[in-house]
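Have a look at the structure below, then the notes.
2 protein chains.
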Amino acid sequence: MDNQDLKQEVTDKYSLRGRVFHRIREDILNGKYKDHEELKEVAIGQELGVSRTPVREAFRQLELEGLIQIIPNRGAYVTGIKVKDIEDIYMIRSKLEGLCARWACENITKEQLEEMEENIYLAEFHAARGHMEQMAELDNRFHNILYESCNSKMLEHLLKDYHQYVWRVRQKTLSSSRGAVSNVEHKFIMEAIRENNPDKAEELANQHMINAYENMVDKGLLSMFE
Amino acid sequence: MDNQDLKQEVTDKYSLRGRVFHRIREDILNGKYKDHEELKEVAIGQELGVSRTPVREAFRQLELEGLIQIIPNRGAYVTGIKVKDIEDIYMIRSKLEGLCARWACENITKEQLEEMEENIYLAEFHAARGHMEQMAELDNRFHNILYESCNSKMLEHLLKDYHQYVWRVRQKTLSSSRGAVSNVEHKFIMEAIRENNPDKAEELANQHMINAYENMVDKGLLSMFE
DNA sequence: CATGGTATGATTGTATACAATTATACGCAA
DNA sequence: TTGCGTATAATTGTATACAATCATACCATG
């Protein structure tokens, strides 16, 4: 995406308003702005071709999400993900993904179930061939379908936020050999949902997160966040 | 608080920046601005004695919290709490308060435990005398101690947000006869934490939320959010 | 009377100007 | 050299000006 032409893309996914916000957000999550780095309103505004006003508004939102810290009259500083935060998020997600899977049993649509099935089938293909990028994308999509199928805007919103938040870690995780294993777990979760077995679905989704976390710990993938 | 003198209170709890945000937030949660009401930047700015700029920044944050919806080039509209949202939040909180109580077993400090004890003791006093306002305040404080004692900024932040969000409902709930029962449940949770029994603490905190929710349903307290 | 187009006003979106605050650099004295 | 105080620059905080968009009312036309 071209920095200077942000204004032209009003018809795109996000309004210009949300644009600046999502752009800065991405840049933080993707590591362009490092931990503790100071974000200056004019500099970022120039880079995105807008004035300070929308940048400031974006900063306020980013602070609320915990991605930056704003010290009054001083500046905005990137709040890097800490190992402790990742651990916490995975444990929180474990509970919430479980709840989500439970609710999905009752509320998932035929279409969503079919898309899940297709997703898993495709992932088997890419896992066998070591296509890491596609695996990450498919994992992303699987969880988003799950979130959307629980029929709770509250939970969906929350889980999508956390999912985004640990994006950096997740990519690394799937780049390791867990992709195939993870996909098998997806399959079991889907089957439990299809059988309308909420206890089983919850337990499996629960464990899925714990497994993902323990895999990261075992492979030492968290060292880069210290 | 006087509307016109917001600027003078810079030394107070929140900076002026956060002030406007928290003030509008309160006004929504307390029902001053009703569901679907349109919030106009100039009007609110005048009421608070500030210009549109800080108001707009506050709007952005409020939207992220889900308290208002901003339609580009149109306006900001209050998003009232829906019964479904309350149900979802209580179920989500059930899981998370459980996790929080579990973590508290390991991480609570002597001081926090003592404050909990004092809180419960005091609540017995006020419950017996039907002091509803004090009960609400004590309940508020109990949960905040719990959140702070879990040693997870992530979980603490999340639970405090939800706690605030259902403030209106909670007040009504405690105004009914559940205050005393709720306090007994607090006592059991505290004791499980003191005994360092995470499974029991989690289960009790879990059930505490479910009981609170079912009480609301039984008493028909949710009808006012339809 | 219904319909559609246009003008007008209201409101939001963005940029900029000015004020307040903070960080930095420099000079001076101990 | 070190420490302190002041001047200066840089940055944020707020208000306002202007642009863009949307809602409304009015009028013309069928």
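The listed protein sequences derive, respectively, from chains A and B.
Under my numbering, the first residue of the first sequence carries the number 73, and numbering increases by one thereafter.
Under my numbering, the first residue of the second sequence carries the number 73, and numbering increases by one thereafter.
Note that the Cβ used here is the ideal one computed from N, Cα and C, for glycine as well.
Owing to the predicted nature of the structure, the values given are computational and were not obtained by experimental measurement.
- Residue contact with chain A for MET288 (chain B): absent (no Cβ-Cβ distance below 8 Å to any residue of chain A).
- The Cβ-Cβ distance between PHE297 (chain B) and VAL155 (chain B) falls below 8 Å.
- If you keep only unbroken beta strand (DSSP E) runs of at least 3 residues inside the stretch 142-228 of chain A, you get 147-150.
- GLN133 (chain A) belongs to the set of residues whose beta carbon lies under 8 Å from a beta carbon in chain B.
- Three or more beta-carbon pairs separated by less than 8 Å are not found between the stretch 182-192 of chain A and the stretch 118-132 of chain B, which leaves the two stretches without contact.
- A Cβ of chain B is located within less than 8 Å of the beta carbon of ILE164 (chain A).
- As computed with DSSP, LEU111 (chain B) is found in a beta bridge with B:ALA148.
- Among the residues of chain A, none has a CB under 9 Å from the CB of ARG97 (chain B); the nearest is roughly 11 Å distant.
- One Cα belongs to ASN145 (chain A), the other to TYR105 (chain B), and the distance between them is close to 31 Å.
- For ASP107 (chain B), no Cβ of chain A is located within less than 8 Å of the residue's own Cβ.
- Nearest CB-CB separation between ARG146 (chain A) and chain B: not below the 8 Å threshold.
- With respect to GLY152 (chain B), ASP107 (chain B) sits close: the two C-beta atoms are nearer than 8 Å.
- Close partners of LEU210 (chain A) in chain B (Cβ separation under 8 Å) are lacking, with about 27 Å as the shortest Cβ gap.
- With contact defined as three or more Cβ pairs closer than 8 Å, the stretch 217-229 of chain B and the stretch 177-185 of chain B are in contact.
- Interface annotation, LEU139 (chain A): not in contact with chain B, CB-CB separation never under 8 Å.
- In the DSSP annotation of this structure, the continuous segment of the alpha helix (DSSP H) that includes MET281 (chain B) starts and ends at 270-290.
- Interface criterion not met: the Cβ of MET296 (chain B) is under 8 Å from no Cβ in chain A.
- Relative to GLU286 (chain B), the option among B:LYS112, B:GLN236, B:LEU227 and B:ILE158 whose CA is nearest is B:ILE158.
- Among the CB atoms of chain A, none fall inside 8 Å of the CB of MET281 (chain B).
- Between PHE93 (chain A) and GLN141 (chain A), the gap from beta carbon to beta carbon reaches 8 Å or more.
- Here ALA284 (chain B) is buried, its C-beta having at least 16 other C-beta atoms within 10 Å.
- Those residues of the stretch 169-180 of chain A placed with their C-beta closer than 8 Å to a C-beta in chain B are GLY170 and LEU171, ordered along the chain.
- From the beta-carbon of ILE161 (chain B), the residues of chain A found nearer than 8 Å are MET226.
- Straight through space, the alpha carbons of ASN102 (chain A) and LYS112 (chain A) are spaced by roughly 18 Å.
- At a cut-off of 8 Å between beta carbons, LYS232 (chain B) makes no contact with chain A.
- In the DSSP assignment, SER123 (chain B) falls outside any alpha helix (DSSP H) and carries neither an H nor an E.
- Below the 7 Å Cβ cutoff, chain B contributes LYS167, LEU168 and LEU171 as neighbours of LYS167 (chain A), in chain order.
- Residue-level contact by beta carbon fails for LEU276 (chain A) and chain B, as no gap is shorter than 8 Å.
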